[in-house]
Each structure stands twice: as C-alpha cells, then as structure tokens.
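Visitor: Read in order, the letters of the sequence shown correspond to residues 1362 to 1849 in the numbering used here.
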Amino acid sequence: MIKKDDLELKMQQFDLAMSPPVQEPERQYFYIAKAKKMVSELAKTLGRKPTFCVVTFGCQMNARDSEKLSGILEEIGYEDNGTDENSDFVIFNTCTVRDNANQRVYGRLGVLKNYKKKNPNMRIGICGCMMQEQSVIEKMKKSYRFVDLIFGTHNIFKFAELVVRMLENDEMLIDIWKDTDQIVEDLPIVRKYPFKSGINIMFGCNNFCSYCIVPYVRGRERSRNPEDIIREIEMLVADGVIEIMLLGQNVNSYGKNLDEPISFAQLLQRIEQIEGLERIRFMTSHPKDLSDELIAVMRDSKKICRHLHLPLQSGSTRILEKMNRRYTKEQYIELALKIRREIPDISLTTDIIVGFPGETDEDVDDTIDVIKKVGYDNAFTFIYSKRTGTPAAAMENQVPEDMVKRNFNRVLETVQHTSKNRSVSYLDQDVTVLIEEMNDQDDTLVTGRMSNNTIVHLKGNASMIGTLQNVHLDECHGFYYNGHVIES
Ligand code: 5AD
Ligand code: SF4
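Here it is as structure tokens:
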C-alpha cells in the first residue's frame, strides 16, 4: 500500500518517453503514470470520465485482490460504476475452488458478451484463480475471443503495465505465470469499507489437500515480512481502520520460511500493540498447525476476536487420511475442546465436504459425531467437486449423486441444530458491536457484528457506521440478533 501523495511524487519523476525502470514497484509507478495519460486522452474522446467495474468471485483473498485492481484503476483515472452493464472496463476476478464457481463465471461472461455488443468500446479483463488453469485459457482463446486481457494470480501486481499494453493493442492479451517467489509491496489500494480491511500476510499454500486446487493456482507458500505487515496496518489505522482481517490460506504456518522465522502467534502479539486498532480477525487456520502458543495469545488478547474458523472437512480418520489432512478425528476433537476450554466465549466455525471419493454412510456418521461433539456456531457444507489435476480427481469410487445429496442433508440438519443451540446462548447479554452498514431492508436499522462474528440489527443511523457500540441482545433469530444500544 502507498499513500496517494507519495505516489504522486514518485510519478512526477518519470520521463514517459524513456524506457521503464526494471525494478518493482518503481516499474509499476511508471506504468501507472503512463496509463493515467492514456486514460485522460480517452476521457477527452468520450467527453466524460471512463468507468470501471470489478466483479469478484470467491474468497476474501480475492476480495482483497479486487481492491488492488480498483486502486490502480481509480489512480489512472477510471471511475467505479458499480455495475458491469455499461462500464468501459469490466474485470472479472475469478475463483475455481469448486466447479460451480467456474460455471458462474462462464454464465456471467455470456451476459457480458451482449453488453459489449451494445458498447463496442467496452474492455474486458479476466483474472484470478481460474486463469491459472491451462484448460481454462484454451477455452478462453477458443470461445471467448471478446475478452481483451487475461492474467493470473501471480502477476496481479503488474496490472498497470498490462492495462497500458491492452490500451495500446487490440489483440487479446494473455499473461499467465506458473508461479512466483516475488512479493511486490507499496501499490495503491482502495478499500470497500473505510473502517475495516483485509490484509494479506502470506500467499499460496503448501498443504496439498488431495481435493484442493488452491496450491496449483495460488502457488507455493510465501510470507510477507512482519515489518511490511505492521507498516501497512499502521497506515490503515491512521486512515480510520479499526478492524483488520489477516488473510492467508494457512495462517498458522505464517513466518516459518522467512529469513528470520517468526510464528503467527508472535505476529499477532506485535499487531496487538498497534494503538488505535480495536479488532483483529484472521482466516484460515489449518488444525494441524494450530499451536498452544496461539490459543494462549488469543485467550489473553483484548483485540483478537472471539472467532476461529477451523476447517474439519471430514470427521472420518480414514477419509482425512485420503484427503491428506494430517490429523485424526480424535486429534481434531481434542484440539477443538481444548480451544473451547481455554476460550469459553469463542465461536467455532468450520468447512465440511460431503461426497469425497470412497466416502461411506459410516464416514458421514463420523462427521456428524464431530459436529455434535464440537457444537459449531456455524458450518459451511460443500458437496465434493472434482478438480482436474488434483490427486482426488483420479481416485476411484466417486460417490453417486443421490448418496451425496442424502448425506449432505443429514450433515446440514445436524449443523443447523448445533448452531441454533449455540447462537441462542448469547440472548440477553451486553456485547460490543461494530456497526458496518445501514440495514438493506429497513432504513431505521443498522447492521453490525459481534466479536464472535454474529450479526446484530439495531435501531440507528448512518453516523454510527464504523463505530463500536455497546448493545443489549434482545431477540435471537437463528443466525442473527436484534438488539438495542445501551449507555457505556
Ligand atoms: N470440493 C468441495 N469443496 C472444496 N473445498 C475446497 N476444495 C473443494 C472441492 N474440491 C472447500 C473446503 C475449503 C473451502 C474453502 O472450500 O471445505 O475449506
Ligand atoms: Fe479463493 Fe481458492 Fe477460490 Fe482462489 S480458488 S478465489 S484462493 S477460494
């Protein structure tokens, strides 16, 4: 992240007729300056500021990447239009974790093709995890010729440079890297919310769970230096942010490969010291790497939120082994109960996959048993999706659809039951709520989140957005509460 004024100063130093610097991020500053000039000429031709829209699919990691794309686009002179229908530049930031994510992208691309027919000047860019798959690129080249720019997850920092090349040329531009060990800091970013922000602490994943495509599309694990992370958070806090979400595919292994190794728990302790920062969240934890040190740091912290997302995937030790998860049913339960013992008010959430190859009804019974024993506050249940190139895709005994559906419903029912029991337990308590937005159904209400991530609706107005309020919880409606502000 870089401040607007600092970037301005850097850009003034360039002679755009000269060749660009080789070093990053200076090279990108050069291209931002160059793109800015090109976009201002485009604005003259159009008689207005050109518009853009970034459409995000997938996880919080992608949401953060989209903020980086928007940061560059605003800096070079595009205006956020909020809709892809009549924007001059539309970007789809894609996800490929399950096949339905891909299908949604193809569906929306079909619609976009019609928009482009109506507005032939529209430029279309597509990036993100899906683009790291060779088969997708082949399909793009063959059936989606109307797309102007295609890039991947590893070279997103080069976006300004790619935009310049795209604007100079009418051909489809494709730039995909297989992997990278580079982390480019200090590029512009815009935030969706002024008071909260995601922050990447690491990129990629080394776990190779046998069903998962992420290690293939996001590359090997790389941690950012703690100093860069702290500096970024300090800048965000100075800019009004009070809640941060530390992002990584497996935050519990943060820092292990740095020149000066540091644990995730130590990083959290350093972040806790930042004055003005009120809340710290993080995503995602792998059970095999979750240390006692982390549990203790969470327990003793005033800022780390009372929420831990701890993906289970399956409760059957046999299936866990085939998934390459590297823990057993018993180890997982022991860990979850230890966390509940140490931090009783914590909310535990999870991800579960139903229908992994070879899964029997008895395996699903084990999953249901874990759900009951741990008593999740919430769980995301997914039907197994075969991802080409992963070891599980080549496994025999893919589970028949009707069996998957039946077991999926069994799991869902159990999850709904346990989470209802958990959420009702906060009724009539006084809690702190970060007010995030106006309620979209009723404009006399605002909506916010408790530390444990539960949603609360209460009477209020726009001036409360971004503030922490003491709230009494009056009514529980399953996944959310209604409450009212009390004097502090
Ligand atoms: N099929 C179904 N669900 C998957 N996930 C990851 N890969 C797959 C797949 N091939 C789920 C996991 C993970 C979440 C982000 O997505 O539960 O935790
Ligand atoms: Fe996020 Fe994984 Fe989807 Fe990529 S593939 S957007 S990392 S969930």
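From the three backbone atoms N, C-alpha and C, an ideal C-beta is built for every residue, glycine too.
1) So if DSSP puts I1511 in a beta bridge, which residue, or which two residues, is it bridged to?
2) For M1606, which of E1494, H1668 and V1451 has the nearest alpha-carbon?
3) Restricting to Cα atoms, I'd like to know which of I1700, I1680, K1663 and M1684 is closest to L1671.
4) For ligand 1, enumerate in chain order all residues having a CB closer than 6 Å to any of its heavy atoms.
5) Assign G1438 to one of three DSSP states: helix, strand, or coil.
6) Can you list, in chain order, the residues of its chain with a C-beta nearer than 6 Å to that of L1638? Leave out the 5 residues immediately preceding and following it.
7) Using the Cα positions of L1819 and N1843, report the straight-line distance between them to the nearest angstrom.
8) Is the CB-CB distance between M1596 and E1582 below 8 Å?
9) Mapping DSSP to helix, strand and coil, what is K1371?
10) For D1600 and G1432, I'd like the C-alpha separation in whole angstroms.
11) Going by beta carbon distance, what residues of the same chain come within less than 6 Å of G1719, once the five residues before and after it are set aside?
12) Measuring straight from C-alpha to C-alpha, what distance separates Q1421 and N1813?
13) So, for F1512: in the same chain, excluding its five sequence neighbours on each side, which residues have a beta-carbon less than 7 Å away from its beta-carbon?
14) In terms of residue numbering, what span does the alpha helix (DSSP H) encompassing D1724 cover?
15) Just how far apart, CA to CA, sit N1463 and A1753?
16) Alpha carbon to alpha carbon, how far is V1760 from R1592? Give it in angstroms, no decimals.
17) My output table needs one value for R1642: the three-state DSSP class, helix, strand or coil.
18) Quick check on this structure: which residue in R1585, K1364 and S1558 has the alpha carbon closest to the alpha carbon of V1612?
19) Please classify G1844: does DSSP put it in a helix, a strand, or coil?
20) In whole angstroms, what is the alpha-carbon distance linking I1704 and R1631?
Guide: Short version:
1) I1487 and I1535
2) With distances taken between Cα atoms, M1606 lies closest to H1668.
3) I1700
4) This selection yields V1458, R1459, Y1572, C1573, P1672, Q1674, D1712, I1714, F1743, Y1745, S1746 and R1748.
5) coil
6) V1598
7) 6 Å
8) no
9) Helix.
10) 15 Å
11) These residues qualify, in order along the chain: N1758.
12) 18 Å
13) For F1512, where only same-chain residues beyond five positions count, the Cβ hits under 7 Å are C1488, M1492, L1523, D1536 and I1537.
14) Unbroken alpha helix (DSSP H) run through D1724: D1722 to V1735.
15) 19 Å
16) 49 Å
17) strand
18) R1585
19) strand
20) 21 Å
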